[in-house]
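Each residue of the sequence shown is one higher than the last, beginning at 11 in the numbering used here.
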Amino acid sequence: MKQISVIGVGYVGLVTAACFADLGNRVQAVDVNEKRIENLKKGILPIYEPGLEELVERNMRAGRLSFTTSYARGLKGSEFVFIAVGTPSGENGEADLQYVAAAAKSIAENMTAPLIIINKSTVPIGTGDLVADMVKRAQPKQIPFAVVSCPEFLREGTAIADFMNPHRTIIGSLDPAAAEQVAQLHLPLRAPIVITDLRTAEMVKYASNAFLATKISFINEIADICEALGADVKEVAAGMGYDKRIGPAMLDAGIGWGGSCFPKDVKALVYMAEQHRVTPHILNSVTRVNYDRRKAVVARLSKLTGGLKGKTIGLLGLAFKENTDDMRDAPSLTVAHELLAAGAIVRGCDPVAVEVARPLLPGVELFTDPYEMASGCDAIMVISPWNEFKQLDLKKIKGLLKSPVIFDTRNIYNPVEMKALGFKYRSIGRGFNGG
Ligand code: NAD
Ligand code: UGA
Numbered sequence: 011m012k013q014i015s016v017i018g019v020g021y022v023g024l025v026t027a028a029c030f031a032d033l034g035n036r037v038q039a040v041d042v043n044e045k046r047i048e049n050l051k052k053g054i055l056p057i058y059e060p061g062l063e064e065l066v067e068r069n070m071r072a073g074r075l076s077f078t079t080s081y082a083r084g085l086k087g088s089e090f091v092f093i094a095v096g097t098p099s100g101e102n103g104e105a106d107l108q109y110v111a112a113a114a115k116s117i118a119e120n121m122t123a124p125l126i127i128i129n130k131s132t133v134p135i136g137t138g139d140l141v142a143d144m145v146k147r148a149q150p151k152q153i154p155f156a157v158v159s160c161p162e163f164l165r166e167g168t169a170i171a172d173f174m175n176p177h178r179t180i181i182g183s184l185d186p187a188a189a190e191q192v193a194q195l196h197l198p199l200r201a202p203i204v205i206t207d208l209r210t211a212e213m214v215k216y217a218s219n220a221f222l223a224t225k226i227s228f229i230n231e232i233a234d235i236c237e238a239l240g241a242d243v244k245e246v247a248a249g250m251g252y253d254k255r256i257g258p259a260m261l262d263a264g265i266g267w268g269g270s271c272f273p274k275d276v277k278a279l280v281y282m283a284e285q286h287r288v289t290p291h292i293l294n295s296v297t298r299v300n301y302d303r304r305k306a307v308v309a310r311l312s313k314l315t316g317g318l319k320g321k322t323i324g325l326l327g328l329a330f331k332e333n334t335d336d337m338r339d340a341p342s343l344t345v346a347h348e349l350l351a352a353g354a355i356v357r358g359c360d361p362v363a364v365e366v367a368r369p370l371l372p373g374v375e376l377f378t379d380p381y382e383m384a385s386g387c388d389a390i391m392v393i394s395p396w397n398e399f400k401q402l403d404l405k406k407i408k409g410l411l412k413s414p415v416i417f418d419t420r421n422i423y424n425p426v427e428m429k430a431l432g433f434k435y436r437s438i439g440r441g442f443n444g445g
């Protein structure tokens, strides 16, 4: 059993804290957001993540997991502290390090014993050195510490399983003893451990996210070509995915990637490259291909419905993907704004993201029940591929719609079945089958 502190109780911090507690460690989680901490003490979570509530509750009850707004209390007795605060996009696409800097300063001011500071936030290359400098300068008296980079690769919606079964653990440090201790902490996860220097570990995270985003933009470009040539991108992706060098993951064509990570991380990598006079040709194209899609689907819907003015359009799914309430850079936001600008009446439906979406989508009528939303719509657009949308009673939906139009931007339905049901159905990159 080790004693660990985690700074930040968002998607990564809370999962990290709960999972390390579940592995038998004592974890103290610290956040500056008083409301979040107050609620967590009562068992109310700040985010939706499947399975997390039960994990948090179980470990709190067992006395292994606690929450505080006090760094002094949160750091007391810990050997390790994970920084898991946000690193959103700054004005020019760079990662905004204000929360990491504030966390580093608070750690320095409140640590009372030697500490290994582990950066789990996704941070620009060189941030580990920066954090070391900041801590050294802010310490009231010199206490030994080491800085280690241990980037996180979990996905929202499957965060607990991803955390507990990582494909690899990356540990970057200039201090071999500290790297070894962090490696020991991760041994129960039984994943290959790669130990590098600090900067290399930081780069592994950006390169991984950028590569995954590239894979999606690639299949989306292939989808457009499929559509023009009459091939089916779903089957093309399946056929490609059997090649072990390609793999089947991240080949779902659709409306493109969004969320709290790919958008900001690709931007930050572009920024870092350009700052060092490297032109990131591929990353620039990957971004353009991605964001062009959001407008292209609206233009296509307009054709399908014979114009958007005065039409009622229902968006099925608002979160940036299924199984999360995260609305950061969700495609639904761009689509809703484009539709409103074109004079459409816009409705949106999501199983869990409605309350997070409400302030972001003024002028959009929000529902949690897809049938209620569908009633009287001129068309439905599938935006996030929630499982429960895949199992809808489509006959009933057809009866509720003013006209039976469905534009499935995630390819969750079968074109042949949709046609048989009498829908005017369009999807992405399935030229021959109603793409
Ligand atoms: P988040 O916005 O959900 O949570 C950040 C938390 O940090 C908030 O609760 C906030 O109140 C808290 N915070 C901010 N400043 C603080 C401070 N000085 N001291 C204590 N707490 C503070 O962020 P997130 O989505 O969990 O992302 C955290 C980091 O992890 C980012 O760098 C992100 O890129 C990276 N990451 C995220 C994911 C993901 O799926 N969300 C996956 C891998 C990596
Ligand atoms: C992503 C990475 O997958 C994680 O490894 C990483 O830790 C995380 O970013 C991060 O750094 O925060 P996440 O954003 O939670 O995780 O979700 P993904 O499942 O990767 O999906 C990202 C976006 O791509 C979503 O909008 C999703 O709908 C879209 N996507 C995903 C596709 O369009 N096609 C696919 O085949 C897969």
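Yeah, the Cβ is synthetic: ideal placement off N, Cα and C, and Gly gets one too.
Is residue i buried or exposed, if buried means 16 or more other CB atoms sit within 10 Å of its CB?
i	result
R481	Because the chain in this structure spans residues 11 to 445, residue 481 falls outside the shown range and cannot be described.
K405	exposed
Q4	The shown model of the chain, from 11 to 445, leaves out residue 4, and the question about it has no answer.
T378	exposed
P161	buried
Y244	Inspection of the sequence shows that residue 244 is occupied by Lys rather than by Tyr. Buried is the call here.
I153	exposed
E59	buried
M497	As displayed, the chain neither begins before 11 nor continues past 445, which places residue 497 out of reach and without an answer.
M11	exposed
K321	buried
A329	buried
T289	exposed
Q401	exposed
R74	buried
E398	exposed
N300	buried
A123	exposed
P361	buried
R420	buried
K331	buried
A238	exposed
Between which two residues does the beta strand (DSSP E) carrying residue i extend?
i	result
L184	First-last for L184: undefined, no H or E at that position.
V157	F155 to S159
R436	K434 to R436
L311	It is not in any beta strand (DSSP E) - L311 instead sits in the alpha helix (DSSP H) that spans H291 to T315.
L343	From DSSP, L343 is part of no beta strand (DSSP E) but of the alpha helix (DSSP H) over P341 to A351.
A39	R36 to V40
With which residues is residue i paired in a DSSP beta bridge?
i	result
G358	L325 and L376
N102	None; N102 has no bridge partner.
G408	Rather than Gly, the amino acid found at residue 408 in this sequence is Lys. Its beta-bridge partners do not exist; DSSP assigns none.
D242	R440
F417	M391 and R436
I203	T179
V16	A39 and F92
S76	Q38
Can you name the start and end residues of the alpha helix (DSSP H) that residue i belongs to?
i	result
M391	Looking at the DSSP string, M391 is not in any alpha helix (DSSP H); the run it does join, the beta strand (DSSP E), is A389 to V392.
Q108	Q108 to N120
S10	Only positions 11 to 445 of the chain appear in this structure, which leaves residue 10 out of reach.
I95	In the sequence under discussion, the amino acid at residue 95 is Val, which differs from the Ile named in the question. Counting along the chain, V95 falls outside any alpha helix (DSSP H), and DSSP gives it neither H nor E.
N129	It is not in any alpha helix (DSSP H) - N129 instead sits in the beta strand (DSSP E) that spans L125 to N129.
A28	Y21 to D32
N69	L62 to R71
Y81	Y81 to L85
L431	Taken as a continuous stretch (DSSP letters only), L431 belongs to no alpha helix (DSSP H), as it is neither H nor E.
L140	T137 to A148
I170	A169 to M174
K45	E44 to K51
A367	V364 to A367
K400	N397 to K400
Answer with yes or no whether the minimum CB distance from residue i to chain C is below 7 Å.
i	result
E190	The chain inventory of the structure shown lacks chain C, comprising one protein chain alone.
>> Counting beta carbon pairs with one atom in the stretch 275 to 286 and one in the stretch 126 to 136, are three or more of them shorter than 8 Å?
In response: The answer is yes - the stretch 275 to 286 touches the stretch 126 to 136, with three or more Cβ pairs under 8 Å.
> Would you say the stretch 218 to 235 touches the stretch 293 to 309, given that touching needs at least three Cβ pairs under 8 Å?
Replying inline: yes
>> With three or more beta-carbon pairs closer than 8 Å as the criterion, would you say the stretch 406 to 425 touches the stretch 362 to 371?
In response: no
> If we count Cβ pairs, one from each stretch, closer than 8 Å, do we get three or more for the stretch 39 to 51 versus the stretch 74 to 81?
Replying inline: yes
> Per the contact definition of three or more C-beta pairs closer than 8 Å, is the stretch 198 to 215 in contact with the stretch 225 to 234?
Replying inline: no
> If you pair each beta-carbon of the stretch 13 to 33 with each one of the stretch 258 to 265, do three or more pairs fall below 8 Å?
Replying inline: no
>> Check whether the stretch 59 to 71 and the stretch 15 to 29 touch, using three or more Cβ-Cβ pairs below 8 Å as the test.
In response: yes
>> With three or more C-beta pairs closer than 8 Å as the rule, is the stretch 164 to 181 touching the stretch 190 to 201?
In response: yes
>> If contact is defined by three or more beta carbon pairs under 8 Å, each pair taking one atom from either stretch, is the stretch 247 to 260 in contact with the stretch 158 to 178?
In response: no
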